[in-house]
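Once you know that position 145 of the sequence shown is 145 in my numbering, the rest is easy, because the numbers rise by one and skip nothing.
Glycine included, C-beta positions come from ideal geometry on N, C-alpha and C.
Note that the structure is predicted; figures quoted are calculated from it, not measured.
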Amino acid sequence: MRGNSVRQSGFTLIELMITTAIAAVMLGFAVPSFNSIIQGGTLTVGTNELISSMHLARSEAIKRASRTVMCKSSDADTCGGAGWGDGWIVFNDNNQNAARDAGEDLIKVHESLKYGFTVGADPVFSNYVSFNEMGSSTTVSNVFASGTVTLSYGANNKVISIMSNGRIKVQ
Numbered sequence: 001m002r003g004n005s006v007r008q009s010g011f012t013l014i015e016l017m018i019t020t021a022i023a024a025v026m027l028g029f030a031v032p033s034f035n036s037i038i039q040g041g042t043l044t045v046g047t048n049e050l051i052s053s054m055h056l057a058r059s060e061a062i063k064r065a066s067r068t069v070m071c072k073s074s075d076a077d078t079c080g081g082a083g084w085g086d087g088w089i090v091f092n093d094n095n096q097n098a099a100r101d102a103g104e105d106l107i108k109v110h111e112s113l114k115y116g117f118t119v120g121a122d123p124v125f126s127n128y129v130s131f132n133e134m135g136s137s138t139t140v141s142n143v144f145a146s147g148t149v150t151l152s153y154g155a156n157n158k159v160i161s162i163m164s165n166g167r168i169k170v171q
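Here it is in structure tokens:
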């Protein structure tokens, strides 16, 4: 005589192995795409940090009715450094020499960009970006300047265009 028989349910080992294999294949396709999304988002953050400082420099130049400069800076006090990725400062350039001197207001300090960005710029913007009292981008000799700054991260890059009228856009 048989007692209460309980029917057991669950997965067999073969079903579990097949499901695991399918999940592994799906993850294999998803992970590279996810890394690309992460790199793109990280690049956007770095680009926005640069653009934000450029907009600040331009608006301060208009507000103060005098030249304002954003220059690369590795020491957070003076212009200089190996590249834009080392950091930058924004300051009011009273004597219009694109170098921060004693008595010139330091408006913003930005430390080095994280994540190992590569930043390149056209020769006109290789050391500084300067805006006059009208908000136009100019050189030290008051010649209108336009060009690009390019941020790269992994296989992705973004190009920031600076027009001579001071307009800044991302391409």
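Cβ-based neighbour list, residue i, same chain, cut-off 8 Å, excluding 5 preceding and 5 following
i    : result
N156 : S36, Q39, G40 and L43
Y153 : Q39, T42, L43, G46, Y115, G116, F117 and T118
V124 : T139, A145, S146 and G147
Which residues DSSP lists as bridging residue i, in chain order
i    : result
F144 : T138
S73  : G80
S130 : V69
L151 : V119 and K158
Other residues of its chain near residue i: CB distance less than 6 Å, five sequence neighbours each side excluded
i   : result
W84 : K72 and V119
T68 : A57, E60, A61, N92 and F131
Residue environment, residue i, which counts as buried when at least 16 other CB atoms sit within 10 Å
i   : result
G46 : buried
L13 : exposed
G28 : exposed
M54 : buried
G10 : exposed
Assigned secondary structure, residue i (DSSP; H/G/I helix, E/B strand, else coil)
i    : result
T12  : coil
S164 : coil
V31  : helix
N91  : A quick correction: the sequence has Phe, not Asn, at residue 91. In this structure, F91 counts as strand in the three-state DSSP scheme.
S5   : coil
A121 : strand
N157 : strand
K114 : coil
Cβ-based neighbour list, residue i, same chain, cut-off 7 Å, excluding 5 preceding and 5 following
i    : result
S164 : S136, S137, F144, A145 and S146
Cβ pair count under 8 Å reaching 3, the region 135 to 153 against the region 47 to 66: yes
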